[in-house]
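**Student:**
2 protein chains.
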Amino acid sequence: MHQTYFTPGPSGLYYTVEQHLKTALRTGVASISHRGNRFKDIYQQVDTNLRTLLQLPDNYNVLFTNSATEVWDLSTESLIKEKSLHIVNGAFSEKFYKVVTNSDKKATLISAEWGSFPEIDYDLVKQADHIAITHNETSTGVATPLDTIYKIREENPGAIISIDAVSSLPYVAIDYAKIDALYVSVQKCFGLPAGLGIWLVNDRCIARAEEVLKSKTELISYHNLLALVKQANNYQTVSTPNVLNIYLLAQVTADMANRGIQIIRSEIKYKSAIFYKMAEEHAKLNLLVKDKTLRSDTIIVLNTEGCTQELIRFLANKKLIVGTGYGKMKDTQVRIANFPTHSKEQFEMLTDLLETW
Amino acid sequence: MHQTYFTPGPSGLYYTVEQHLKTALRTGVASISHRGNRFKDIYQQVDTNLRTLLQLPDNYNVLFTNSATEVWDLSTESLIKEKSLHIVNGAFSEKFYKVVTNSDKKATLISAEWGSFPEIDYDLVKQADHIAITHNETSTGVATPLDTIYKIREENPGAIISIDAVSSLPYVAIDYAKIDALYVSVQKCFGLPAGLGIWLVNDRCIARAEEVLKSKTELISYHNLLALVKQANNYQTVSTPNVLNIYLLAQVTADMANRGIQIIRSEIKYKSAIFYKMAEEHAKLNLLVKDKTLRSDTIIVLNTEGCTQELIRFLANKKLIVGTGYGKMKDTQVRIANFPTHSKEQFEMLTDLLETW
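Chains as they are written, first to last, in my numbering: chain Z, 1 to 357; chain X, 1001 to 1357.
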C-alpha cells in the first residue's frame, strides 16, 4: 500500500498525476521547446482551464512564477508605490511583510497571535496603496473571512489588494472583482510536484506596475511583472519554465473542471466537517484555531501537547503521513492538509484513527 | 520508436531519467517535505556528486536557483560593486549585459559578431569588478577558449569572474580556482526536465555579496545570494524548491560519476568530431562558426541557406528532432545539441542522414 501524504505541501499528488506523468514521458513533453506551438497550446490550456475553474474575469492575466515566494519580491518591486499594509497572523504573512521591510517601500502591519485574526484598523487600510492578505495561513490553519477582504476593498478601493491563496486555491470561491492579484503554489491544492507558482493579476496591477517601475533606480528584475505579462499575452514565458509541471497543471485543471469545482468544494467541506467534529471532542488533541469562523477547510492544525513525533509515528504505521507544526511549533502541533486529492475515504480513515489516539 | 531530441534545451532526457522518475513516484519523492531529512540527504548527494564530477574545490557552495536567468538578477544584485564587464557574442551573453543596464550598476561590453569571439581589451578588463563570460553561447555554438578566461583572471585577479556554462557543464573541464562563480541549467547537458538551475559560488562571492548588499537601498531579494548560502550550509533552500528535479539530479549525477566524466567527455569529443567533419564537407550546409578553435563541442550551429524548416521535417521523418536557429536565425540555421544523453550511435545516425541531405 502506498503512503498517503496529508502534509501541508508538498502534499499528496493529485490522483491523476502519475498517469499524466507517464503520458508526458511517452510523448516527450519534457523535451519540447518552450518557444514552440506545443508549449503555447499547453499554456493556453492552463489559462482556459483556470478561467473555467475559478470563474476568472477577462481582465485577469495568468502568469507563471517559480514559486509563491518569488511573488513577494515581484510584488514589492512592481505593485507597491510607497506604503504596503500587511495583515500578519502567521509565518507566511509575516515573511511577505519582512520582504517589504528589506526594501525602500514602507511596510505597516496589523498583526494577531498565531491561530487568530486581528481586528482591522481601517485608518491603516486607508493609508496603504497595496494591501497584502493571506487568505489561508499554511502555518496556522486560519482562513481569512472573505467578507473581511471585501470590506477592506470597500474602505480603500484605490489600493491594490494582493491575496496569498497558496494553500486554498482552487478551493476558495473568491470574487475576483474585489481583489487585484492572487498567487498560489501548485504543490498544495493542485496536487503537483513543487517548483511552480501561478500569479493571477488584473489590469489594475499592470497599470500600477507601469507607474512604479518608471521610478525605479536600482535593478529592474528580469522576471518583472510587465515582462511576464508581455510574454504571457502570447502564451510564452520570460525564461525556460518548468514545462513538465505546466503540462501536468493543464491536465489536472482539466480533470478538476471535468469533475466540477462544486463537487470538489463540497467534498472538502465534508472532510473538514467530520475532522473538526472529531477534533473538538478529542480528549488529548485540541485545535489551534478556537474561533470556528476562522478555521481553514484546507489546512487543519492540532495541538498535540508535545506528542507530535509519537502522533506522526502512530499515523505513519498506518501509512498516513501528516506534517509537523510550523517552525517553533514543530514539536507541539501537527498540520493536516485537506486537499482535492484526499478522498473522503482517506479522510474518514485518518479521522477514525485519530479518534483512537 | 521514440523521437530523439537533439534540441539545444530542453533536450533529450538523460537515458536513466525515466527509470528514476518511476522510482520517485513509487517512493513519494514529490510529496516529501523540503524541510525534512530525506530532502537534506538528496541535496547532500547532489553536492557530493557534483564535487566528484567537476573536481569542485572546497571553497565552493552548491546552490539551487529556479533557472540560469535568475542568476543574472542575483549576480547583479550581489556580485557587482560598480562596474560589470560583459563579453557579448550571442543572445544569452547580451541578455545578461542588458539586465545590468536595467540597474544602477555600470555595464560595459566587449562584443563580437554572432559566431565569433572578440579581441579582449585588457584595459576594460582591468576596470571591472565583475566580469561575465559565457563559456558556451547556446545561440551561436561558440565556446570561449579556457585560456582566454584564465588570462582575464591574471589581468584582473580582484574581479569576480562569473561563467555561464548553461549548455556546457559538466562537459567543460574548467579550473575552478581561476573563476569565482558558474551557473548552469539542468535541461541541457544534465538531461533533466527544465525548471532548475545550479549556481556554484566560491567564498570570494560571499565576501563580495556581504559588501555589496550592505549598501543596497531598494529591495533585497528574498532569494539573494547570502540567503541561499545560509540555507545551503544546512542542505536547505530558501523556499520550496523543485524537489523532484533535485532528486533526479542526484541520481543523474551519480550515474554520470559512475560512468566516469572522462568517458562522457571523450564521447562528446568523438561525436562533435565526426559531425564537424561531415559539416565541413557538406555541399548545402555550412558551419556558423568558421574558426575551429571556437567551435563548441556541445552546441553545433549550421547555416541552412533558408531551408531550416525542410531540414527539420526531413530529420523529423526519421524521428530525429533538431532545434531551429535562435531568434532572428530561426529560419536560416539549425542548432544541434551534443549532450551526454546522446549516444554515439544516435549521433552517427544523425550525421549519416545529414550527409544525404
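Using N, Cα and C, we set each Cβ at its ideal position, and we do this for glycine too.
Bear in mind the structure is a predicted one, so any value in this text is a computation, not a measurement.
Would Ile-246 of chain Z and Val-46 of chain Z be called neighbours here (beta carbons separated by less than 8 Å)?
**Tutor:** Within the first sequence, the letter at position 246 stands for residue 246 of chain Z. Within the first sequence, the letter at position 46 stands for residue 46 of chain Z. The answer is yes: Cβ separation under 8 Å.
**Student:** On the three-state DSSP scale, how would you describe Leu-285 of chain Z?
**Tutor:** Working through the first sequence from its first residue, we reach residue 285 of chain Z at position 285. Note: Leu-285 of chain Z maps to coil in three-state DSSP.
**Student:** Among the candidates X:Tyr-1270, X:Ala-1316, X:Ile-1300, X:Phe-1006, whose CA atom is the shortest distance from the CA of Gly-1141 of chain X?
**Tutor:** Indexing the second sequence from 1 puts residue 1141 of chain X at position 141. Closest by alpha carbon: X:Ile-1300.
**Student:** When you compare the CB of Gly-1323 of chain X with every CB in chain Z, is at least one pair closer than 8 Å?
**Tutor:** The sequence position of residue 1323 of chain X within the second sequence is 323, counting from 1. Yes, Gly-1323 of chain X counts as interfacial toward chain Z.
**Student:** Please compile the residues from chain X whose C-beta is within a distance smaller than 8 Å of the C-beta of Pro-10 of chain Z.
**Tutor:** On the first sequence, position 10 is the one that residue 10 of chain Z refers to. What Pro-10 of chain Z touches in chain X: Ala-1030, Ser-1031, Ile-1032, Ser-1033, His-1034, Thr-1240, Val-1243.
**Student:** Thr-356 of chain Z: buried (16+ other C-beta within 10 angstroms of its C-beta) or exposed?
**Tutor:** Position 356 of the first sequence, counted from the first residue, corresponds to residue 356 of chain Z. Thr-356 of chain Z comes out exposed.
**Student:** In chain X, what lies closer than 8 Å to Ala-194 of chain Z by C-beta?
**Tutor:** Residue numbering aside, residue 194 of chain Z sits at position 194 when the first sequence is read from its first letter. In chain order: Ala-1030, His-1034, Thr-1240, Pro-1241, Asn-1242, Val-1243, Leu-1244.
**Student:** State yes or no: is the beta carbon of Ile-1220 of chain X nearer than 8 Å to at least one beta carbon in chain Z?
**Tutor:** Along the second sequence, one-based indexing puts residue 1220 of chain X at 220. Residue contact check for Ile-1220 of chain X against chain Z: a CB pair falls below 8 Å.
**Student:** Let me confirm a value: Thr-144 of chain Z is counted as buried when at least 16 other C-beta atoms fall within 10 Å, else exposed. Which label applies?
**Tutor:** Mapped onto the first sequence, residue 144 of chain Z falls at position 144. Its Cβ being crowded by 16 or more others within 10 Å, Thr-144 of chain Z is buried.
**Student:** Just verifying my parser: in three-state terms, what is the DSSP assignment at Arg-1295 of chain X?
**Tutor:** The residue given as residue 1295 of chain X occupies position 295 in the second sequence. Note: Arg-1295 of chain X maps to strand in three-state DSSP.
**Student:** Roughly how many angstroms lie between the CA atoms of Tyr-1122 of chain X and Ser-1111 of chain X, to the nearest whole one?
**Tutor:** Taking the first residue of the second sequence as position 1, residue 1122 of chain X is located at position 122. Taking the first residue of the second sequence as position 1, residue 1111 of chain X is located at position 111. Straight-line measurement puts the Cα of Ser-1111 of chain X at about 13 Å from the Cα of Tyr-1122 of chain X.
**Student:** Could you tell me which chain Z residues have their CB closer than 8 Å to the CB of Trp-1072 of chain X, listed as they occur along the chain?
**Tutor:** Position 72 of the second sequence holds residue 1072 of chain X. Those are Tyr-222, listed as they occur along chain Z.
**Student:** Would you give the residue range spanned by the beta strand (DSSP E) that Ser-162 of chain Z belongs to?
**Tutor:** Taking the first residue of the first sequence as 1, we reach residue 162 of chain Z at position 162. Counting along the chain, the beta strand (DSSP E) containing Ser-162 of chain Z begins and ends at 160–164.
**Student:** Please report the residue range of the alpha helix (DSSP H) in which Ala-207 of chain Z lies.
**Tutor:** Against the first sequence, residue 207 of chain Z aligns to sequence position 207. First-last of the alpha helix (DSSP H) with Ala-207 of chain Z: 203–214.
**Student:** Drop a sphere of 10 angstroms on the beta-carbon of Leu-1233 of chain X, count the other beta-carbons inside from all chains shown, and report buried for 16 or more, exposed for fewer.
**Tutor:** Along the second sequence, read from residue 1 onward, the residue named residue 1233 of chain X stands at position 233. For clarity, residue 1233 of chain X is Asn in the given sequence; the question names Leu instead. Under this definition Asn-1233 of chain X is an exposed residue.
**Student:** Suppose contacts are defined by Cβ-Cβ distances below 8 Å. Is Asp-1129 of chain X in contact with Ile-1174 of chain X by that definition?
**Tutor:** Counting from 1 along the second sequence, the entry for residue 1129 of chain X is found at position 129. Counting from 1 along the second sequence, the entry for residue 1174 of chain X is found at position 174. No, these two residues do not count as a Cβ contact at 8 Å.
**Student:** Write down every uninterrupted run of the alpha helix (DSSP H) in the region 1002–1082 of chain X whose length is 4 residues or greater and which is fully enclosed by it, in chain order.
**Tutor:** 1017–1027, 1037–1054, 1068–1078
**Student:** On a CA-only basis, which of X:Glu-1113, X:Ser-1075, X:Thr-1065, X:Asn-1066 is nearest Ile-1087 of chain X? Give me that one, please.
**Tutor:** To locate residue 1087 of chain X, count along the second sequence from 1; it is residue 87. Closest by C-alpha distance to Ile-1087 of chain X, out of X:Glu-1113, X:Ser-1075, X:Thr-1065, X:Asn-1066, is X:Glu-1113.
**Student:** Does any residue of chain Z bring its CB to less than 8 Å from the CB of Ser-1067 of chain X?
**Tutor:** Position 67 of the second sequence, counted from the start, is the residue given in the question as residue 1067 of chain X. It does; some Cβ of chain Z falls within 8 Å.
**Student:** Give, in chain order, every unbroken run of the beta strand (DSSP E) that is at least 3 residues long and sits entirely within the region 1117–1165 of chain X.
**Tutor:** Secondary structure within the region 1117–1165 of chain X: the beta strand (DSSP E) runs of 3 or more consecutive residues, fully enclosed, are 1130–1134, 1160–1164 (chain order).
**Student:** Restricting to Cα atoms, I'd like to know which of Z:Phe-347, Z:Glu-77, Z:Glu-119, Z:Leu-124 is closest to Asn-102 of chain Z.
**Tutor:** Translated into the one-based positions of the first sequence, residue 102 of chain Z becomes position 102. When only C-alpha atoms are compared, the closest one is Z:Glu-77.
**Student:** Nearest to Asn-1267 of chain X by CA position, among X:Thr-1332, X:Ala-1068, X:Val-1099, X:Phe-1339, is which residue?
**Tutor:** On the second sequence, residue 1267 of chain X is found 267 positions in, with the first residue counted as 1. Here residue 1267 of chain X turns out to be Glu, not Asn, going by the sequence shown. The shortest C-alpha separation from Glu-1267 of chain X is found at X:Phe-1339.
**Student:** Mind pulling the chain Z residues with CB within less than 9 Å of Glu-1018 of chain X?
**Tutor:** In the second sequence, counting from the first residue as 1, residue 1018 of chain X sits at position 18. Those within 9 Å of Glu-1018 of chain X in chain Z are Leu-25.
**Student:** So, does the CB of Ser-1363 of chain X fall closer than 8 Å to a CB anywhere in chain Z?
**Tutor:** In the structure displayed, chain X extends from 1001 to 1357; residue 1363 of chain X sits before or after that span and is not available.
**Student:** Please report how far the alpha carbon of Ser-116 of chain Z lies from the alpha carbon of Leu-288 of chain Z, in whole angstroms.
**Tutor:** Taking the first residue of the first sequence as position 1, residue 116 of chain Z is located at position 116. Taking the first residue of the first sequence as position 1, residue 288 of chain Z is located at position 288. Roughly 9 Å separates the two Cα atoms.
**Student:** Is it true that the region 1064–1083 of chain X meets the region 1211–1229 of chain X, where meeting means three or more beta-carbon pairs spaced less than 8 Å apart?
**Tutor:** yes
**Student:** Name the two residues that bound the continuous beta strand (DSSP E) containing Val-1334 of chain X.
**Tutor:** Counted from its first residue, the second sequence places residue 1334 of chain X at position 334. 1333–1337 is the extent of the beta strand (DSSP E) around Val-1334 of chain X.
**Student:** Where does Ser-111 of chain Z sit, in a helix, a strand or coil, going by DSSP?
**Tutor:** As a position in the first sequence, residue 111 of chain Z is number 111, starting the count at 1. Three-state result, Ser-111 of chain Z: strand.
**Student:** Assign Pro-10 of chain Z to one of two classes, buried (16 or more other C-beta atoms within 10 Å of its C-beta) or exposed (fewer than that).
**Tutor:** Counting from 1 along the first sequence, the entry for residue 10 of chain Z is found at position 10. By the 10 Å Cβ count, Pro-10 of chain Z comes out buried.
**Student:** Could you spell out where the alpha helix (DSSP H) holding Val-1229 of chain X opens and where it closes?
**Tutor:** Here residue 1229 of chain X refers to the residue found at position 229 when the second sequence is read from its first residue. Counting along the chain, the alpha helix (DSSP H) containing Val-1229 of chain X begins and ends at 1225–1232.
**Student:** What three-state label does DSSP hand Tyr-1270 of chain X in the structure shown?
**Tutor:** As a first step, residue 1270 of chain X is located in the second sequence; it is residue number 270 there, counting from the start. Looking at Tyr-1270 of chain X - three-state DSSP - the assignment turns out to be helix.
**Student:** Return the residues of the region 1161–1189 of chain X that lie within a Cβ-Cβ distance of less than 7 Å from chain Z, sorted by chain order.
**Tutor:** Ser-1185, Gln-1187
**Student:** At the level of alpha carbons, what is the spacing between Ile-274 of chain Z and Ser-67 of chain Z?
**Tutor:** Within the first sequence, the letter at position 274 stands for residue 274 of chain Z. Within the first sequence, the letter at position 67 stands for residue 67 of chain Z. Cα-Cα distance, rounded: 32 Å.
**Student:** Could you tell me whether any Cβ in chain X is nearer than 8 Å to the Cβ of Gln-251 of chain Z?
**Tutor:** Indexing the first sequence from 1 puts residue 251 of chain Z at position 251. It does not: the Cβ of Gln-251 of chain Z has no partner Cβ on chain X nearer than 8 Å.
**Student:** Is it buried or exposed for Gln-1019 of chain X, if we count other Cβ within 10 angstroms and need 16 for buried?
**Tutor:** Within the second sequence, numbered from 1, the residue matching residue 1019 of chain X stands at position 19. By the 10 Å Cβ count, Gln-1019 of chain X comes out exposed.
**Student:** Taking the alpha-carbon of Leu-56 of chain Z as reference, which of Z:Ala-177, Z:Ile-261, Z:Lys-98, Z:Gln-333 has the nearest alpha-carbon?
**Tutor:** As a first step, residue 56 of chain Z is located in the first sequence; it is residue number 56 there, counting from the start. Among Z:Ala-177, Z:Ile-261, Z:Lys-98, Z:Gln-333, the Cα nearest to that of Leu-56 of chain Z belongs to Z:Ala-177.
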